[in-house]
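Visitor: The structure under discussion is supplied below as structure tokens; questions concerning it will follow.
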Amino acid sequence: MKGVVAAVPTPVDAAWQPIEPLFLEHCRWALSNGCDGLNILGSTGEASSFDTATRRTVMAWAAEELDRERLMVGTGTPSLAETIALTTHADDLGYRVALVLPPYYYAPVSDAGLIRWYMALHDALGDRAIEVYFYNYPKMTGLTIPVEVIEALHAAAPQRFRGIKDSSGDLDYCRDIVARVPGIAVFPSAETSLHLSAEWGLAGCISATANHTAPLCARAWRGEANDALVHRIADLRATISQQPLIPSVKYLVSLRTGEPAWTNTVPPFTDLSEDQAAALDALAFTERAAAG
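Just so we're aligned: 423 in this note's numbering is position 41 of the sequence shown, and the numbers increase by one with no gaps anywhere.
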């Protein structure tokens with residue numbers, strides 16, 4: 383899996399239950415408008431706010447209706463048993479990649495503890511084909527997965543541990559992994575580095591804001607990048623990220639689709655303020671004018 387991967391949001395109703403038609407419509411839109419793949423039930427998809435049954439339901443919607451070769455799914459939780467069960471279910475559904483957070487609750491976690499945890503997941507999966515991508519998100523987990531741990535796990539099971547999504551924003555960390563762990567797919571979480579992917583050996587990006595910037599990202603990934611395009615992508619991402627990220631991504635989808643349910647989020651998220659919504663309204667208007 384390479385290229386532009388959108389971390390897609392999950393639409394919910396007033397009772398915080400996912401809405402299948404809206405979810406699938408947006409997934410299809412993203413795949414038809416510049417995305418090479420989709421990350422289902424990542425942080426942007428509010429996965430950690432759903433119980434296991436709900437996550438299994440959403441996983442099945444995507445696997446049954448979309449091209450599974452273009453999908454990855456978040457299955458990581460602090461519980462090893464739950465992570466094994468979700469990852470096994472993902473493999474049963476035909477997902478090729480599981481994005482797995484480290485076990486962050488019992489901090490600090492030693493390098494040996496991380497290796498033991500991920501190897502236990504690998505051993506439980508047995509001869510299943512699903513690949514595991516590490517999910518490095520220190521802002522949320524409180525820990526950075528050491529490059530030495532990634533190196534050791536990839537050496538022990540190279541067909542299992544095949545990639546990483548890095549949401550730290552530290553491109554030096556990404557470049558260190560590329561240099562020290564040949565063959566592993568490294569995805570920063572920002573599309574602002576897409577124009578450097580070939581030079582730096584990056585696999586693309588897995589991004590929340592790609593739900594809006596995907597058409598531009600596709601051009602950058604395919605080598606059309608120029609200064610104007612790079613700056614436009616950076617400006618769009620910065621504007622969206624200045625507001626609460628997940629509510630903003632969902633709000634922009636609601637503007638595109640005209641579906642007010644897209645503005646619903648699961649607590650602890652709250653509604654955007656009038657000023658925050660107005661900033662996104664202006665952004666969407668400017669982008670429509672530019673496209674026209």
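Heads up, the beta-carbon is just placed ideally off N, CA and C, and yes, glycines get one too.
All values derive from a computational prediction rather than experimental measurement.
1. Going by alpha carbons, who is nearest to residue 525 out of 541, 444, 548, 657?
2. Could you compute how far the alpha carbon of residue 495 sits from the alpha carbon of residue 481?
3. Consult DSSP for residue 389 and reduce its assignment to one of helix, strand or coil.
4. Measure the alpha-carbon distance for residue 593 versus residue 402 and round it to whole angstroms.
5. With three or more beta-carbon pairs closer than 8 Å as the criterion, would you say the region 642-658 touches the region 601-614?
6. Taking 7 Å as the limit between beta carbons, can you name the residues of its chain near residue 529, skipping five residues before and five after?
7. Residue 444 CB to nearest chain B CB: under 8 Å?
8. Quickly, what does DSSP pair residue 422 with across the bridge? List them, please.
9. Should residue 539 be listed as close to the ligand SAM, given that the test is whether its C-beta is under 7 Å from any heavy atom?
10. Who does residue 513 pair with in a DSSP beta bridge?
11. Under 7 Å Cβ to Cβ from residue 643, same chain only, skipping five residues before and after it: list those, please.
12. Between residue 463 and residue 544, what straight-line distance do the alpha-carbon atoms span, to the nearest angstrom?
13. Quick one: any contact between the region 435-450 and the region 486-495, if contact means 3 or more CB pairs under 8 Å?
14. Name the DSSP beta bridge partners of residue 586, please?
15. Inspect the beta-carbon positions of residue 424 and residue 456 and report whether they are closer than 8 Å.
16. Quick one: complete alpha helix (DSSP H) runs, 4+ long, within the region 500-579?
17. Do the region 583-601 and the region 411-421 meet, that is, are 3 or more Cβ pairs less than 8 Å apart?
18. Per DSSP, what kind of secondary structure is residue 648 in: helix, strand or coil?
Guide: Working from what's here:
1. Within the sequence shown, the letter at position 143 stands for residue 525. Residue 525 has its Cα closest to that of 548, out of 541, 444, 548, 657.
2. Along the sequence shown, one-based indexing puts residue 495 at 113. Along the sequence shown, one-based indexing puts residue 481 at 99. Taking the straight line from one Cα to the other gives about 19 Å.
3. Counted from its first residue, the sequence shown places residue 389 at position 7. In the structure shown, residue 389 sits in a strand (DSSP, three-state: E or B).
4. For the purposes of this step, residue 593 is taken as residue 211 along the sequence shown, with counting starting at 1. For the purposes of this step, residue 402 is taken as residue 20 along the sequence shown, with counting starting at 1. Looking at the two C-alpha atoms, the distance is approximately 17 Å.
5. no
6. Numbered from 1 along the sequence shown, position 147 holds the residue referred to as residue 529. For residue 529, where only same-chain residues beyond five positions count, the Cβ hits under 7 Å are 558, 559, 562.
7. The question asks about chain B, but that chain is absent: this structure has only one protein chain.
8. Working through the sequence shown from its first residue, we reach residue 422 at position 40. Paired residue(s): 455.
9. Of ligands this structure carries none, so the ligand SAM is not represented either.
10. In the sequence shown, residue 513 corresponds to position 131, counting from 1. Paired residues: 479.
11. Counting from one through the sequence shown, the residue named residue 643 turns up at place 261. Counting only Cβ-Cβ distances below 7 Å, and skipping sequence neighbours, we find 393, 395, 401, 404.
12. Translated into positions along the sequence shown, residue 463 becomes position 81. Translated into positions along the sequence shown, residue 544 becomes position 162. C-alpha separation (whole angstroms): 21 Å.
13. no
14. Residue numbering aside, residue 586 sits at position 204 when the sequence shown is read from its first letter. Bridge partners of residue 586: 385.
15. Taking the first residue of the sequence shown as position 1, residue 424 is located at position 42. Taking the first residue of the sequence shown as position 1, residue 456 is located at position 74. A contact, by the Cβ cut-off of 8 Å.
16. 520-523, 529-538, 553-562
17. yes
18. Indexing the sequence shown from 1 puts residue 648 at position 266. Coil, per DSSP.
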